[in-house]
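Visitor:
Residue numbers (our numbering): 493 to 605.
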């Protein structure tokens, strides 16, 4: 049976990415983006989407992404289930980034390019 799991989002980073390393020293970047969503009454609402990037893309995130930067992300949706410290079942949904495009640069960064 064929299936598809693909997400393409555009939004602004809510904070600088958090870069960590696995036990095998592979970099992983965790960050979230704020994505505008129109509502039925014409107002705007915002969804905060968790994202994760691995290895080479994680290094790019750590070097170039900053809070407030506008980015487009292509990846897949991943849902993880775990138990918290109280033993209650929790669900964590995130986008595993495959491609990332920086859509907005500061004037200082544009001059340095």
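Beta carbons: idealized from backbone N, C-alpha and C, even for Gly. Just so it is clear, the structure is predicted and the values come from calculations on it, not from any experiment.
(1) Please report how far the alpha carbon of residue 499 lies from the alpha carbon of residue 597, in whole angstroms.
(2) May I ask which residues mark the beginning and end of the alpha helix (DSSP H) holding residue 549?
(3) Pick from 517, 567, 575 and 543: whose alpha carbon is nearest that of residue 507?
(4) According to DSSP, residue 542 sits in a beta bridge with which residue or residues?
(5) DSSP three-state call for residue 591: helix, strand or coil?
(6) Just to confirm before moving on: does the CB-CB distance between residue 590 and residue 567 stay below 8 Å?
Guide: In short, the structure shows the following:
(1) Here residue 499 refers to the residue found at position 7 when the chain shown is read from its first residue. Here residue 597 refers to the residue found at position 105 when the chain shown is read from its first residue. So the two alpha carbons sit approximately 23 Å from each other.
(2) The residue you call residue 549 lines up with position 57 of the chain shown. Unbroken alpha helix (DSSP H) run through residue 549: 547-556.
(3) In the chain shown, counting from the first residue as 1, residue 507 sits at position 15. Of the listed residues, the one whose Cα sits closest to residue 507 is 543.
(4) Along the chain shown, one-based indexing puts residue 542 at 50. 524, per the DSSP bridge assignment.
(5) If you number the chain shown from 1, residue 591 lands on position 99. Three-state result, residue 591: strand.
(6) In the chain shown, counting from the first residue as 1, residue 590 sits at position 98. In the chain shown, counting from the first residue as 1, residue 567 sits at position 75. Cβ distance < 8 Å, so residue 590 and residue 567 count as in contact.
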